[in-house]
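Below is one structure, written out as structure tokens; the observations come after it.
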């Protein structure tokens, strides 16, 4: 079930979003960025697992940074996690609208995205939460959809298409493509946030994390190569009108087998299962993260209140919904993905520093799983995450400014209004 959650949080990233990096770097630039990010996630995931097994708490990065560096860095790590989890769902909602629009072109993509956002937020407020077993079923369907896509696509792949206009903007394009390579794996760390509810977390979190990241790496490589190999990278980036598209797999299949083929329609339907798994899962994680921030007094205490009737974090869910709707109305999936990536990379950096710090200050902390090749594994993840953060800042200055403004203003609020007396005690 942890495997299902880990893959389910991320699986929508295989169906959309990553293709926007091809417009920045072409096949070679995006490919290089993806290899770079795969190394990051392999080293990060196993380092993060050490923290999750040693400190199995629902706050995830917030709890790890709090224990390693105190409340100020705990706030920064937790806020970065909030931004990642809050800004990822609007991008997925865009993609749900785009895939739905393939069946019903008269329906506006933004309208579908807003309706989906409202519906799933309402379901969460009412108390309808997908059990891990249901998430597992949905995730398996989405994975089978990717395998079906690969099986249909491989006979139409031509290797020369992988080298067609492969580096349109030079090697600088590889750095610009980094946020979209991250999208292949973004939010897998959400597995750590269910550690408190996991049976034997010291063993099962490792198995869940490890199997999920290895599955995602394999799916990433094959999805990338088969999609681009059909007709070149431009065929999965631009739609028939020349606009950037949020539906790369249908674009590739349209070139290979046509829109009337049964497999084309099936991939679209199955893709929606993947979006639902990720969308619903991350909304749950985001609501929990925001609620936890309010509960401990690191955000307005009202966000940490439970609905008296439904017993759900309704205030936190509505707050996240408002931010998500604002992001939706920008109409820019790439920008929303990039802001989510800023939060993720900040989280990764602080978490890796937490691994190193806790090894020194708390050597006797029970660590059921110790990351292999310490300290090199967390150091490699720290280095790559730092390089990636600098790169996306250089190539996305406006998004960086928005992210920095959110972090600074929220930190000022925290320093001015934080009152330990508002925090609930366990």
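Numbering (my numbering), first residue to last: 147 to 572. Positions of the beta carbon are idealized from the N, C-alpha and C atoms, including for glycine. Fair warning: this is a prediction, and the values are worked out from it, not measured in the lab.
{"Check": "Return helix, strand or coil for residue 332, following the three-state DSSP convention.", "Outcome": "coil"}
{"Check": "For residue 313, name the three-state secondary structure that DSSP assigns.", "Outcome": "coil"}
{"Check": "Less than 9 Å between the beta carbons of residue 534 and residue 188, yes or no?", "Outcome": "no"}
{"Check": "Count the other CB atoms, across all protein chains shown, that sit within 10 Å of the CB of residue 404; report buried if there are 16 or more and exposed otherwise.", "Outcome": "exposed"}
{"Check": "Within its chain, find whatever has a CB closer than 8 Å to the CB of residue 274; leave out the 5 residues flanking it on each side and keep chain order.", "Outcome": "For residue 274, the predicted structure reports a pLDDT of 49, less than 50, and the residue's modelled location is therefore unreliable. A value from the coordinates is still provided. Same-chain partners within the cutoff: there are none."}
{"Check": "What does residue 384 pair with, by DSSP beta-bridge criteria?", "Outcome": "390"}
{"Check": "Just to confirm before moving on: does the CB-CB distance between residue 330 and residue 195 stay below 9 Å?", "Outcome": "no"}
{"Check": "Measure the CB-CB distance between residue 155 and residue 423 and report whether it falls below 9 Å.", "Outcome": "yes"}
{"Check": "Use the C-beta contact count for residue 561: other C-beta atoms within 10 angstroms, 16 or more gives buried, fewer gives exposed.", "Outcome": "exposed"}
{"Check": "For the pair the region 304-315 and the region 391-399, tell me if three or more CB-CB distances fall below 8 Å.", "Outcome": "no"}
{"Check": "Could you tell me which whole alpha helix (DSSP H) segments of length 4 or greater appear in the region 173-235?", "Outcome": "207-215"}
{"Check": "What's the C-alpha gap between residue 267 and residue 311?", "Outcome": "43 Å"}
{"Check": "Under the assumption that residue 521 contacts residue 199 (Cβ atoms under 8 Å), give the Cβ distance between them as a whole number of angstroms.", "Outcome": "That belief does not hold up - the Cβ atoms of residue 521 and residue 199 are roughly 18 Å apart, past 8 Å."}
{"Check": "Under DSSP, the alpha helix (DSSP H) around residue 481 begins and ends at which residues?", "Outcome": "479-507"}
{"Check": "Between the beta-carbon of residue 161 and the beta-carbon of residue 288, is there less than 9 Å?", "Outcome": "yes"}
{"Check": "If distances are taken between C-alpha atoms only, which option among 563, 484, 497 comes closest to residue 542?", "Outcome": "484"}
{"Check": "Anyone know if the C-beta pair for residue 417 and residue 291 falls short of 9 Å?", "Outcome": "yes"}
{"Check": "Taking the straight line between their C-alpha atoms, what separation do you get for residue 249 and residue 242?", "Outcome": "11 Å"}
{"Check": "Measure how close the beta-carbons of residue 172 and residue 379 come, nearest whole angstrom, since I'm counting them as under 8 Å.", "Outcome": "6 Å"}
{"Check": "So, using beta-carbon positions, are residue 502 and residue 524 closer together than 9 Å?", "Outcome": "yes"}
{"Check": "Under 8 Å: do the region 429-449 and the region 216-231 share three or more Cβ pairs, one atom per stretch?", "Outcome": "yes"}
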